[in-house]
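Before any comments, here is the structure.
Below you can see the structure in the form of structure tokens.
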């Protein structure tokens, strides 16, 4: 159920239950934080055992306060917080923050406590942030309702985090920098009521927020989150840092806040498909937030590099290419401009290509001329200006020249001033002028890639533009239902049943014929032409190749009979399937059900290589043709699509539609747990499913 | 030719030709640098147009100096430097540094100038550093013979660099840090005489150098470098940063100092096989040098993580796993120790697993107890202590506890104190006590991986322990020579000739029979048993599959005759080859010739998948079985070796020996330019080459 956070995050009055005069206690720190930050609303302290704290009256109980309260902050242990909810609700209070740990994250007892909390929240219609959280910060309203050490400078970055500590680290960073700060910081904790989607909704409408950052370990409601995220990224950039990318990481995350982490690639796919920027580390998360906070954004992949150090230019180039960025080719026109503007140096000493090596003695004049003559070129996505502090390097002058150039250009200029001692002041100056600078080149290429990628993925139309529903007629729907119902006691359908469903769903396939007795072979042969394939028929054999259950390239009746005999002798054999033998490259398509996000399509190379290579790529249903083709470009499957070893090219659209149809089948029929098509033959007549397995669950 | 650098880098007297009184000129800066650093030897200034510079007499010419000169520094343009070499030699001077650019790196004229320089150096027996370099620093002797802006603090790090600017960046970093500095910094420039191998030899014997860093764009003498590096890494750690990893990077490097960059993976393989630490970025290069400079080294992969921020612990865990590091499993004994030492907190709130989450309120007591009770565990390679500045975090106290623990333990403890404002002083303290610390977790896992990897690769015996020479008898050697000589006018050998050479070299193969006329089929069939494979025979067809030139699974005489007919009709066909049809997984082995390092072995999945997947792994000949098996573990080939889909496991040794034999063939017969075996069948009877192509050059 979605929550409106307006009053919780912008309360006109706050009551803190559990204030303390011990400086190390949460009940003291939060009271002090709210006062120190200069909150203008009403503030009430509650503790039955105290009279005054921080020179303010302390009430014995919340019922003693004879005034409306917008928000209650619980700085008390879990049991006390739980027991007070009814009373709070009876006073007409809607919003509660609970800091206490001791819920889902601590085992079975905690889990029960959390279930009780959720039930009470529902019963009393409470909007609860937490528990097991650090509270929130709203700098516009001067509210620091956390027990963090420092308060955050006011800024245009809002962060929603499943880790409170991350907030402390960010604030510690902001304090030492210019123009960086939170608009809101929201610590989610266990997300019993308020979740990431609620926060996204709220922040997307908040005028003080220019960019939204999220640190997530899991997502509460997959489909709502996906929908909300896709909507919000159209309004504001959303940068996501997700932990639990590896199995070990997921295990650690699980014990951390007790979330049920989904598959890492599925999350990344969801984020990208919805147009978010995916950060691969904390440092990159901060860098990207800074880029959006300062406002000049790289939106395409071509980069121009200027440098006074050839070697570092090469290291940077390696890193750019590694991150799928390209070096702009310098046009003849720009070349001439550069030569003209650099004077004798341009003519005699510099070979003008990208990266442009201005040599160790590069002056501010050289840098300025090079920037001004090259940045005009149409196809530049970003400019990187590398500087190493050499004997005659004019560090501050060059910094000023870059700031001036950046003021006049919409494309971002990123100074990489390397070293430490000599370049500190320059970095301070850059920040004062809202220029994002770096003291080494490493973080930059991967950061630009992450940002540009989000623009490339951001869908122009919603993914439902191609409606796979039209592929399945109502009549067929009933037939599919019948097959599934008949098989409902089984764990999976046999090959015939599985292929039948594919056929009814409109997926092209190579027909199969089940032969139980040798006598039926003659009949089958009349319908098929040689060569044919024979496969063992059995409900009990999963990998037919492993038991030598597949005979290919059968050319004669004699050979076919021999194959039938051989296959019938395999344990658990129920005769065999006969199918036309086609030539083509083998692909794999499967669909599986994710607990959080629903149907996930998996594409890869087919045949036995699925398991040998374990190289697949995933898509969360539904997805657009554009997303599909873009992501496929980065996989080996693209080689087969483009035509490989004599086989003709195939249209990605065909492959896309089969995937969408499988996704729809799973979306529509909740009994289906997984479908594997392997191989899907890519032939000169198109794509054909040759084998299939449908798992029920 | 190897150079002894002792006098060049430790001169008792230096003459600078081209001193200047203009503060921005190289001839002024270097003079000032040497004086400022406090050089104790004799220093002479030379400039025909000046009388005094920096309060010192200036000689008109070098011949006017009536004293022995150990080193001449040329701060003059290229032509003047070139013309003075004869005079210098006549004075009995051996060592010269040339700063001037304008050689190989600037095109054809420069290339000629460089050839002239090399010829003169040889004629006059001069040891020249440069040209196009920045000179060198020797802090023990107080020599800063560079034109860098700052002088370096004295330290135990020596760096040899093909980029002078990198030295300026490192010094700029050292100045602001404690206990970091150069012992030597040597700027290589164009490496006309002194090269990286000379520097390695020298530094390996230098007692002030604890660790050697190298920034390389290429290597001058591949086999000498390889040999020297393998020798030196047994004495001292060598950390290498190589640029030109990508094609674009190589292009940029090429124009930078004009080096002929070899293939990036070949370099990396060489470095690793020789026991060097390979840094993947400048920042990592610095971090690794710092680790060796401070002295506590991680040598195995298991890591223990302590943290006061669960979320960041998860992010770190992801990164550790991503870098092939593992989280130590905490033993029952350690668990009990921890529970005991942490008191009530240990019992009630912390689930003890790795990462150990000490929770947001972790005190110095908690940190100290956790470190002391866990670090005793046997199998820990390194400990990472994560700290985020939360309300009650005892930052400096915890820093001191870590330093104390590190003083008593040989295993490295890496503090990751995150943030900026609150943790600066702690990082300063760590550095003062030689503890390598980080302000975010990102760089650490990849750094540990790079260091540990070098210990895993470092060979216990030299790679020649298994001598492939024994595989080829002398009689066979003559036969191989004969085949190659007969074919010397051709670009490649045909299948028969190629397979013949494999056979003579002792590589197991599936015999082939060349059938020119249909009449010969009967004879062949008597020797082989069905099923067989028929392949088109032709000197002109490279990819037989592409022209439908391979028929597999032939079971009858009738089918074989049909196949022969079909294959004979293909353009350029010269009949066909008949071979036994075997079942097995297909591998690929090839060998190619690298200009710098000689024979390179390439292993991959075979059949048509070589080109579809383009996934191969390389080894530089010769290599040890240990290196081979270790590197193979990271590839898909390992799946086939371990036995895949019914096929039995094969011994890596067989695969290794075939590769070493191919390497020996290429090493021994200079006419061979490349050999491809594809497929190499992995069957239950072992490995068999089924097809082969040998390229001459």
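Chains as they are written, first to last, in the numbering used here: chain A, 106 to 802; chain B, 106 to 802. For each residue, glycine too, the CB sits at the ideal point set by N, CA and C.
Could you list which residues in chain A have their beta carbon closer than 9 Å to that of residue 545 of chain B, in chain order?
Under the 9 Å cutoff, chain A gives 274, 386, 387, 388, 391.
Is residue 618 of chain B buried or exposed, if buried means 16 or more other CB atoms sit within 10 Å of its CB?
buried
For residue 120 of chain B, write down the residues that DSSP places opposite it in a beta bridge.
DSSP lists B:149, B:177 as partners of residue 120 of chain B.
Close-in-space but distant-in-sequence residues of the same chain around residue 634 of chain B (CB under 8 Å, 5 per side omitted)
Annotation for residue 634 of chain B: 685 place their beta carbon closer than 8 Å to its own, counting only its chain and skipping 5 residues before and after.
Compare the beta carbon distance of residue 233 of chain A and residue 257 of chain A with 7 Å and say whether it is the shorter of the two.
When the beta-carbon positions are compared, residue 233 of chain A and residue 257 of chain A stay at least 7 Å from each other.
Ignoring anything shorter than 4 residues or poking outside the region 429-502 of chain A, list the alpha helix (DSSP H) runs there in chain order.
Counting only runs of 4 or more, we get 437-447, 449-453, 469-479.
In three-state terms, what does DSSP make of residue 218 of chain A?
helix
I'd like the list of long-range same chain contacts for residue 243 of chain B, defined as Cβ closer than 7 Å, with 5 residues on each side in sequence excluded.
Correct list, in chain order: 114, 115, 289.
Indicate whether at least one CB of chain B lies closer than 7 Å to the CB of residue 689 of chain A.
no
Following the continuous alpha helix (DSSP H) through residue 761 of chain B, name the residue where it begins and the one where it ends.
757-773
Does residue 278 of chain A come within less than 7 Å of chain B when only Cβ atoms are used?
yes
Taking any Cβ of chain B, which residues in the region 132-163 of chain A have a Cβ under 8 Å from it, in chain order?
134
Minimum Cβ-Cβ distance from residue 624 of chain B to chain A less than 7 Å:
Not one chain A Cβ lies under 7 Å of residue 624 of chain B.
To which residues of the same chain is residue 603 of chain B closer than 7 Å at the C-beta, ignoring the five residues directly before and after it?
797, 798, 799
The region 396-415 of chain A / the region 456-467 of chain A touching (three or more Cβ pairs under 8 Å):
yes
Only counting runs of 4 or more residues, tell me where the alpha helix (DSSP H) segments fall wholly within the region 499-523 of chain A, in order along the chain.
500-513
Can you tell which of A:323, A:472, A:789, A:330 has its C-alpha closest to the C-alpha of residue 748 of chain A?
A:789
Going by beta carbon distance, what residues of the same chain come within less than 8 Å of residue 479 of chain A, once the five residues before and after it are set aside?
409, 411, 435, 439, 442, 443, 461, 485, 488
By Cβ distance below 6 Å, which residues in the same chain neighbour residue 691 of chain A in space, the five residues on each side in sequence not counted?
711, 712, 784
Exposed or buried, what is residue 513 of chain B when buried is set at 16 or more other beta-carbons lying within 10 Å of its beta-carbon?
Exposed is the call here.
To the nearest angstrom, how far is it from the Cα of residue 649 of chain A to the Cα of residue 641 of chain A?
7 Å
Which residues in chain A have a C-beta closer than 7 Å to the C-beta of residue 252 of chain B? List them in chain order.
496
For residue 609 of chain B versus residue 584 of chain B, is the C-beta distance shorter than 7 Å?
Contact: yes.
Looking at chain B, is there any beta carbon in it that lies within less than 7 Å of the beta carbon of residue 749 of chain A?
yes
Look at the Cβ atom of residue 517 of chain A, then the Cβ atom of residue 403 of chain A, and state whether they are nearer than 7 Å.
yes
Can you list, in chain order, the stretches of the alpha helix (DSSP H) that have 4 or more residues and sit fully within the region 269-325 of chain B?
269-280, 301-309
Give the range of the alpha helix (DSSP H) segment to which residue 741 of chain B is assigned.
Run containing residue 741 of chain B: none; DSSP gives neither H nor E here.
Once the 5 residues before and after residue 476 of chain B are set aside, which same chain residues still bring their CB inside 6 Å of it?
Around residue 476 of chain B: 510.
Per-residue burial, residue 664 of chain B [other beta carbons within 10 Å of its own, 16 or more giving buried]:
The residue is buried, with at least 16 neighbouring Cβ atoms inside 10 Å.
Using beta-carbon positions only, say whether residue 316 of chain B and residue 372 of chain B come within less than 7 Å of one another.
no
Residue 653 of chain A classed as buried or exposed, judged by whether at least 16 other C-beta atoms fall within 10 angstroms:
exposed
So with Cβ pairs under 7 Å, would you call residue 803 of chain A a contact of chain B?
Any property of residue 803 of chain A remains undetermined from this structure, which presents chain A solely from 106 to 802.
Report yes if the C-beta distance between residue 669 of chain B and residue 632 of chain B is below 7 Å; otherwise report no.
no
Got a sec: is the Cβ-Cβ distance from residue 608 of chain A to anything in chain B below 7 Å?
no
Taking all protein chains shown into account, decide if residue 309 of chain A is buried (16 or more other Cβ within 10 angstroms of its Cβ) or exposed.
buried
Cut-off 6 Å between Cβ atoms - residues of its own chain near residue 782 of chain B, not counting five sequence neighbours on either side:
Correct list, in chain order: 694, 794, 797.
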